[in-house]
């Protein structure tokens with residue numbers, strides 16, 4: 007008899023401390039939910055079971071509002087308990103299952119920065135086939151673009167932007183939806199090029215001919231493409247002194263002058279050749295001359311001789327030249 011009384015008393019004590027089944031709220035949290043609209047409510051992010059009154063009260067609890075397009079809101083169990091408590095639901099009556107937190111986002115299509123960059127870079131590479139840069143670096147990453155709903159008919163059309171600065175190239179990517187431009191994003195790139203340049207290996211005096219022994223070719227990093235058709239200045243001569251280790255700019259070199267073939271006051275042979283006639287006579291050069299240059303020649307040996315104009319030939323003779331007409 008005493009044993010039965012003790013069992014009954016123990017059962018009554020346990021029943022007095024355990025909450026009734028209809029006074030609990032069981033909440034299941036998924037890892038992620040996608041909702042419509044800007045307002046977030048409890049029933050959109052969690053599955054509620056248990057006491058009907060608690061469930062009805064919980065489902066109407068507001069959990070916030072989306073403030074910007076593409077936003078994701080993370081709600082953990084502690085945040086949800088706090089919101090329930092503010093509405094009069096005791097946390098002791100709430101049990102959770104499922105995920106520790108839920109990620110909430112709107113039903114949107116987001117075009118990320120990496121997609122804009124990939125489209126812009128491919129377009130830029132195609133435009134720079136003639137002068138490809140040594141390196142291309144993104145210096146302005148675009149913001150994501152968010153379109154409402156699940157949008158599949160979206161096209162990205164790149165084009166060169168008019169707004170560029172020295173050493174950079176900006177590509178504008180238009181966002182086309184259903185054949186209509188709905189917006190754009192800009193991607194800015196820093197471009198670096200390798201410029202070949204000649205550098206003096208030793209001190210160079212004016213008139214020195216540049217060779218592979220006294221000149222080396224190196225690369226210079228620059229933000230503009232090199233001049234087309236650049237050639238190493240080997241065989242050219244230095245116009246001014248250049249110290250070892252200094253670059254050799256194009257403005258300080260020149261093609262070597264041809265040698266002087268006729269000296270001033272030198273007696274020369276003036277030779278006129280035609281298809282039927284060859285005439286030659288002697289005269290005195292009044293100035294020095296190089297190959298192809300025009301000089302004045304006094305005919306004969308007398309100071310009163312007639313002065314003519316002639317062109318110096320490779321063999322040192324002079325060909326008469328009259329008023330721009332080659333004879």
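In this note's numbering, the protein residues as written are 7 to 333. From the three backbone atoms N, C-alpha and C, an ideal C-beta is built for every residue, glycine too.
TODO: Alpha carbon to alpha carbon, how far is residue 79 from residue 29? Give it in angstroms, no decimals.
DONE: For the purposes of this step, residue 29 is taken as the residue at position 23 of the chain shown. For the purposes of this step, residue 79 is taken as the residue at position 73 of the chain shown. Going by the C-alpha atoms only, they are around 30 Å apart.
Task: Reduced DSSP secondary structure (H/G/I, E/B, other) of residue 265 - done: In the chain shown, the residue the question calls residue 265 occupies position 259. Looking at residue 265 - three-state DSSP - the assignment turns out to be coil, as it is neither helix nor strand.
Task: Contact under 8 Å by Cβ, residue 239 with residue 216 - done: Taking the first residue of the chain shown as position 1, residue 239 is located at position 233. Taking the first residue of the chain shown as position 1, residue 216 is located at position 210. Yes. Within cutoff.
TODO: Check whether the Cβ atoms of residue 105 and residue 37 lie closer than 8 Å to each other.
DONE: Stepping through the chain shown from its first residue, residue 105 is reached at position 99. Stepping through the chain shown from its first residue, residue 37 is reached at position 31. Cβ atoms of residue 105 and residue 37: closer than 8 Å.
Task: residue 120, DSSP secondary structure in three states - done: The residue given as residue 120 occupies position 114 in the chain shown. Three-state result, residue 120: helix.
- [ ] Would you check if there are 3 or more beta carbon pairs closer than 8 Å linking the segment 237-253 to the segment 291-302?
- [x] no
- [ ] State the DSSP-derived secondary structure class of residue 186, mapped to helix, strand or coil.
- [x] Indexing the chain shown from 1 puts residue 186 at position 180. Strand.
TODO: Quick one: residues in its chain with C-beta nearer than 7 Å to the C-beta of residue 224, no 5 flanking neighbours on either side, listed in chain order?
DONE: Taking the first residue of the chain shown as position 1, residue 224 is located at position 218. The residues are 203 and 205.
- [ ] Please name the residue or residues paired with residue 200 in a DSSP beta bridge.
- [x] Here residue 200 corresponds to residue number 194 of the chain shown, with the count starting at 1. Residue 200 pairs with 227.
- [ ] Measure how close the beta-carbons of residue 101 and residue 32 come, nearest whole angstrom, since I'm counting them as under 8 Å.
- [x] Residue mapping note: residue 101 aligns to position 95 of the chain shown, counting from 1. Residue mapping note: residue 32 aligns to position 26 of the chain shown, counting from 1. Yes, residue 101 and residue 32 are in contact; Cβ-Cβ is about 5 Å, under 8 Å.
Open item on the list: I need the straight-line Cα distance from residue 198 to residue 139, nearest angstrom please.
Closed with: The sequence position of residue 198 within the chain shown is 192, counting from 1. The sequence position of residue 139 within the chain shown is 133, counting from 1. Approximately 6 Å, taken between the alpha carbons.
Task: Inter-residue spacing [alpha-carbon to alpha-carbon] between residue 95 and residue 60 - done: Along the chain shown, one-based indexing puts residue 95 at 89. Along the chain shown, one-based indexing puts residue 60 at 54. One C-alpha to the other measures close to 7 Å.
- [ ] State the DSSP-derived secondary structure class of residue 280, mapped to helix, strand or coil.
- [x] Mapped onto the chain shown, residue 280 falls at position 274. Of the three classes helix, strand and coil, the one that applies to residue 280 here is coil, per DSSP.
Open item on the list: So, does the segment 207-215 touch the segment 176-189, judging by three or more C-beta pairs under 8 Å?
Closed with: no
- [ ] Inspect the beta-carbon positions of residue 6 and residue 288 and report whether they are closer than 8 Å.
- [x] Here the chain covers residues 7 to 333 and nothing more, so residue 6 does not appear.
Open item on the list: Since residue 164 and residue 144 should fall inside the 8 Å C-beta cutoff, what is the C-beta to C-beta distance between them, to a whole number of angstroms?
Closed with: In the chain shown, residue 164 corresponds to position 158, counting from 1. In the chain shown, residue 144 corresponds to position 138, counting from 1. Not a contact, Cβ separation roughly 14 Å.
Task: residue 324 in three-state terms, based on DSSP - done: What you label residue 324 is simply residue 318 of the chain shown in a count that begins at 1. Residue 324 falls in the strand class under three-state DSSP.
Open item on the list: My output table needs one value for residue 173: the three-state DSSP class, helix, strand or coil.
Closed with: One-based indexing of the chain shown puts residue 173 at position 167. Looking at residue 173 - three-state DSSP - the assignment turns out to be coil, as it is neither helix nor strand.
TODO: Note down the Cα distance separating residue 321 from residue 212, rounded to an integer number of angstroms.
DONE: Translated into positions along the chain shown, residue 321 becomes position 315. Translated into positions along the chain shown, residue 212 becomes position 206. Residue 321 and residue 212: Cα-Cα distance of roughly 29 Å.
Open item on the list: Here's a check: name, in chain order, each residue in its chain whose Cβ is nearer than 6 Å to the Cβ of residue 332, leaving out the five neighbours to either side.
Closed with: What you label residue 332 is simply residue 326 of the chain shown in a count that begins at 1. The predicted position of residue 332 is uncertain, since its pLDDT is 48 and thus under 50; a value taken from the coordinates is nonetheless stated next. Excluding positions up to five away in sequence, the list is empty.
Task: Secondary structure of residue 24, DSSP reduced to three states - done: On the chain shown, residue 24 is found 18 positions in, with the first residue counted as 1. Because residue 24 carries a pLDDT of 46, less than 50, the predicted location of this residue cannot be relied on, and no value is offered for it.
Open item on the list: For residue 148 and residue 174, I'd like the C-alpha separation in whole angstroms.
Closed with: Position 142 of the chain shown, counting from 1, holds the residue named residue 148. Position 168 of the chain shown, counting from 1, holds the residue named residue 174. Their backbone Cα atoms lie some 15 Å apart in a straight line.
Task: Residue nearest to residue 162 in terms of C-alpha spacing, selected from 132, 168, 125 and 153 - done: Taking the first residue of the chain shown as 1, we reach residue 162 at position 156. When only C-alpha atoms are compared, the closest one is 125.
Task: Rounded straight-line distance, which links the Cα of residue 256 to that of residue 119 - done: In the chain shown, counting from the first residue as 1, residue 119 sits at position 113. In the chain shown, counting from the first residue as 1, residue 256 sits at position 250. Computed Cα separation, rounded: 44 Å.
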